[in-house]
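The sequence shown begins at 4 in the numbering used here and counts up one residue at a time.
From the three backbone atoms N, C-alpha and C, an ideal C-beta is built for every residue, glycine too.
Owing to the predicted nature of the structure, the values given are computational and were not obtained by experimental measurement.
Below: the structure, in structure tokens.
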Amino acid sequence: SYRMADHAADLGALIDHLKLDRPVLLGWSMGVQVNFELLHQRPGVARGLVAMHGAYRHPLDTAFNSKLPKGVPPIAFGGVRRYWRRLAPIIQRAGRSRLLAIRFMRGCQRLGLVSKACDDDMFYAMARDWVKLDLGIYADIFEQLAGHDAKEVLPSISIPMLIVGGRKDVLTPPELSEAMAERVPQAELFLLPDATHFGPLEYPDEIAARMETFL
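Next up, the structure:
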């Protein structure tokens with residue numbers, strides 16, 4: 004059960020369990036589409052929405068400025084599912100090394116995937132936990148995400164919405180944030196000039212301050 008609709012149903016069940024009265028929802032990356040799907044299922048469930056570095060439809064079609072060949076994701080997902088069990092112990096041991104994690108981050112910075120403003124300790128903490136995931140399941144989730152489309156939901160969103168994006172985000176380019184802002188009636192747009200997809204690790208103070216103003 005890895006569809007966005009399943010994730011949204013889980014989120015709705017958690018809101019009910021905690022007896023939350025119309026909370027403000029915050030989503031980063033895939034979480035943006037999960038929140039859109041929840042609003043589709045239950046239009047009155049939230050009083051506000053924060054969408055950070057996310058897409059609203061078929062995110063792999065727009066990643067890397069639409070230069071990703073169509074056949075690459077299915078091949079990559081299949082490879083991860085096939086070989087993850089064998090590689091997991093090696094990757095998990097490597098993930099415990101702060102030195103390797105920081106070197107990996109430096110490589111990502113050279114490729115433009117992460118900005119130089121990213122905090123080393125925060126990136127290491129994220130990497131250390133990320134390698135504990137079952138990347139076979141991760142691949143299944145991303146395949147479901149790739150086919151998700153919430154375009155029709157956006158005009159129906161009648162609650163205040165803050166859209167946070169990064170001008171240097173190649174995974175969910177800023178054009179997506181701008182398109183969302185045009186389609187949601189009460190949307191506010193906050194684009195960070197030098198942020199990549201990992202804005203929360205790069206500019207946490209700026210994002211927190213803007214969110215506080217929004218709230």
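Item, Value
"Which residues does DSSP list as the beta-bridge partners of R60?", "D152"
"Verify the CB distance criterion: does L204 have a CB-CB separation below 7 Å to chain B?", "The structure shown has no chain B; it contains just one protein chain."
"When the distance is taken between beta carbons, is E205 closer than 7 Å to A211?", "no"
"What does the alpha-carbon distance come out to for the pair V187 and R88?", "42 Å"
"Which same chain residues end up closer than 7 Å to C111 when comparing Cβ atoms and leaving out the 5 residues on each side of it in sequence?", "V117"
"Please list, in chain order, all residues of the same chain as G139 whose beta carbon is under 8 Å from its beta carbon, the five residues on each side excluded.", "V83, R84, W87 and R88"
"Looking only at its own chain, which residues have a Cβ that is under 6 Å from the Cβ of A184, when we skip the five neighbours before and after it?", "I166, A190 and L192"
"Would a C-beta distance cut-off of 7 Å place H56 and D172 closer than the cut-off?", "yes"
"For Y5, which residues from the same chain have a beta carbon less than 6 Å from its beta carbon, with the 5 sequence-adjacent residues on both sides left out?", "D143, I144 and Q147"
"Would P158 be called buried (16 or more neighbouring beta carbons within 10 Å of its own) or exposed?", "exposed"
"Report buried or exposed for I160, applying the criterion of at least 16 other Cβ atoms within 10 angstroms of its Cβ.", "buried"
"Report the rounded CA-to-CA distance for P207 versus P92, giving the unit in angstroms.", "32 Å"
"Evaluate A79 with the Cβ neighbour count: other Cβ atoms within 10 Å of its Cβ, from every protein chain shown; 16 or more gives buried, anything less gives exposed.", "exposed"
"Could you spell out where the alpha helix (DSSP H) holding G202 opens and where it closes?", "G202 to E205"
"In the DSSP assignment, find the unbroken beta strand (DSSP E) run with I219 in it and report its ends.", "Given that the chain is displayed from residue 4 to residue 218, the structure contains no residue 219 and the question cannot be resolved."
"I94: which of M164, V134 and A66 sits nearest, CA to CA?", "V134"
"Taking only the alpha-carbon atoms, compute the straight-line gap between G150 and P62 and give it to the nearest angstrom.", "8 Å"
"Only counting the same chain, and skipping five residues up and downstream in sequence, which positions put a Cβ closer than 6 Å to that of L28?", "N38, A49 and L52"
"Can you tell me which residues form a DSSP beta bridge with V27?", "G51"
"Using 8 Å for Cβ pairs, my map puts L195 next to E209. What's the rounded Cβ distance?", "7 Å"
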